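As structure tokens, the structure follows; a few thoughts come after it.
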Amino acid sequence: MTIYTTKHIIILTKAHTIHFKQKQKKLVLYIKKMGESYRFNHHHLFTSLLIIITMLKSVHTITTNTEFVKSSCTFTTYPRLCFTSLATQASLIQTSPKLMAHAALNITLASAKATSAMMVRLSNTRLKPREVAAMRDCVEELGDTLDELRKSIGEMCRLSNSNYEVYMSDIQTWVSAALTDENTCTEGFEGDDMNGKAKVLVRGRILVIAHLTSNALALINHFASIHG
Numbered sequence: 023m024t025i026y027t028t029k030h031i032i033i034l035t036k037a038h039t040i041h042f043k044q045k046q047k048k049l050v051l052y053i054k055k056m057g058e059s060y061r062f063n064h065h066h067l068f069t070s071l072l073i074i075i076t077m078l079k080s081v082h083t084i085t086t087n088t089e090f091v092k093s094s095c096t097f098t099t100y101p102r103l104c105f106t107s108l109a110t111q112a113s114l115i116q117t118s119p120k121l122m123a124h125a126a127l128n129i130t131l132a133s134a135k136a137t138s139a140m141m142v143r144l145s146n147t148r149l150k151p152r153e154v155a156a157m158r159d160c161v162e163e164l165g166d167t168l169d170e171l172r173k174s175i176g177e178m179c180r181l182s183n184s185n186y187e188v189y190m191s192d193i194q195t196w197v198s199a200a201l202t203d204e205n206t207c208t209e210g211f212e213g214d215d216m217n218g219k220a221k222v223l224v225r226g227r228i229l230v231i232a233h234l235t236s237n238a239l240a241l242i243n244h245f246a247s248i249h250g
């Protein structure tokens, strides 16, 4: 049987006290870490939820804008071309018929400029005099088209409730004239004596511009009917 003296008891008591304090300290640190972890996870979870909600709203907005473009294109003669040419502009168009018509004019202008530049280059290649003449006539017609489209875009920017009908009438007249010029351009490439490749290339590009112009005019008319 072990006999503990007062000294032994004091030593054992101190040892137990130290051990208890160490355990207590570890427990406090553990609880503190758990609290910090909870606060971090709670904050992280809240932040993640905000990000997810923002993303969902963004996706919903993009879907709404794209659906608006698609539904608006049903008013045009060439809805598929309308959607493929304007879908990338959905975030700018949003759900505005005016911005939709404006974007359609800008797309048409860009296409007409690119085709005109292509035809100028093509006219400097080895073509028959008849083909060169037709090419230059077409470039001239496209020059008128570009001028009319620019005027239409300018008026669209100034369009407001004040003198709305006058501005809108000018826009419709100029876009209609641009469409006529494009059709006149293709007439110069009729006939069997024309170079097959050049004729197919030019007529194909002009046809796309004419379809884009037709769509732009339809969207302008639709916007005018809503405003009216």
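Here the sequence shown stands for residues 23 to 250, numbered as in the numbering used here.
Glycine is no exception: its CB is placed at the ideal position from the N, C-alpha and C atoms.
The structure displayed is predicted, hence computed values, not measured ones.
In three-state terms, what does DSSP make of residue 100? The sequence position of residue 100 within the sequence shown is 78, counting from 1. Per DSSP, reduced to three states, the secondary structure at residue 100 is coil, with no helix or strand assignment.
Exercise for the section: Mind listing, in chain order, the continuous alpha helix (DSSP H) runs of no fewer than 4 residues lying wholly within the stretch 143 to 214? Expected result: Correct list: 151 to 180 and 186 to 209.
DSSP state of residue 111, grouped into three classes? By 1-based counting over the sequence shown, the position of residue 111 is 89. DSSP places residue 111 in the helix class (H, G or I) of the three-state scheme.
Along the alpha helix (DSSP H) that carries residue 236, what are the first and last residues, could you check? One-based indexing of the sequence shown puts residue 236 at position 214. Following the DSSP letters along the chain, one finds residue 236 inside the alpha helix (DSSP H) bounded by residues 218 to 249.
Three-state secondary structure (DSSP) at residue 117?
Here residue 117 refers to the residue found at position 95 when the sequence shown is read from its first residue. Judged by DSSP in its simplified three-state form, residue 117 adopts coil rather than helix or strand.
### Message
Closer than 8 Å is the cut-off here; do at least three beta carbon pairs connect the stretch 171 to 185 with the stretch 205 to 214?
### Response
Three or more beta-carbon pairs separated by less than 8 Å are not found between the stretch 171 to 185 and the stretch 205 to 214, which leaves the two stretches without contact.
- [ ] Measure from the alpha carbon of residue 130 to the alpha carbon of each residue in 239, 243 and 245, then state which is nearest.
- [x] For the purposes of this step, residue 130 is taken as residue 108 along the sequence shown, with counting starting at 1. Ranking the options by Cα distance to residue 130, first place goes to 239.
So does the stretch 149 to 165 actually touch the stretch 189 to 198, counting three or more Cβ pairs closer than 8 Å? The answer is no - the stretch 189 to 198 does not touch the stretch 149 to 165, with fewer than three Cβ pairs under 8 Å.
- Task: Indicate whether residue 92 and residue 105 have their beta-carbon atoms separated by less than 8 Å.
- Result: Residue mapping note: residue 92 aligns to position 70 of the sequence shown, counting from 1. Residue mapping note: residue 105 aligns to position 83 of the sequence shown, counting from 1. Between residue 92 and residue 105, the C-beta spacing is below 8 Å.
*Check each candidate in 157, 139, 208 and 219 and name the one with the smallest Cα separation from residue 229.*
Working through the sequence shown from its first residue, we reach residue 229 at position 207. The shortest C-alpha separation from residue 229 is found at 208.
Alpha carbon to alpha carbon, how far is residue 242 from residue 123? Translated into the one-based positions of the sequence shown, residue 242 becomes position 220. Translated into the one-based positions of the sequence shown, residue 123 becomes position 101. If I take the Cα positions, the gap works out to 5 Å.
Please state if the CB of residue 137 and the CB of residue 225 are separated by a distance shorter than 8 Å. On the sequence shown, residue 225 is found 203 positions in, with the first residue counted as 1. On the sequence shown, residue 137 is found 115 positions in, with the first residue counted as 1. Between residue 225 and residue 137, the CB-CB gap reaches or exceeds 8 Å.
Residue environment, residue 249, which counts as buried when at least 16 other CB atoms sit within 10 Å: Within the sequence shown, numbered from 1, the residue matching residue 249 stands at position 227. That one is exposed.
Where does residue 87 land, buried or exposed, given buried means 16+ other C-beta within 10 angstroms?
Numbered from 1 along the sequence shown, position 65 holds the residue referred to as residue 87. Residue 87 should be labelled buried.
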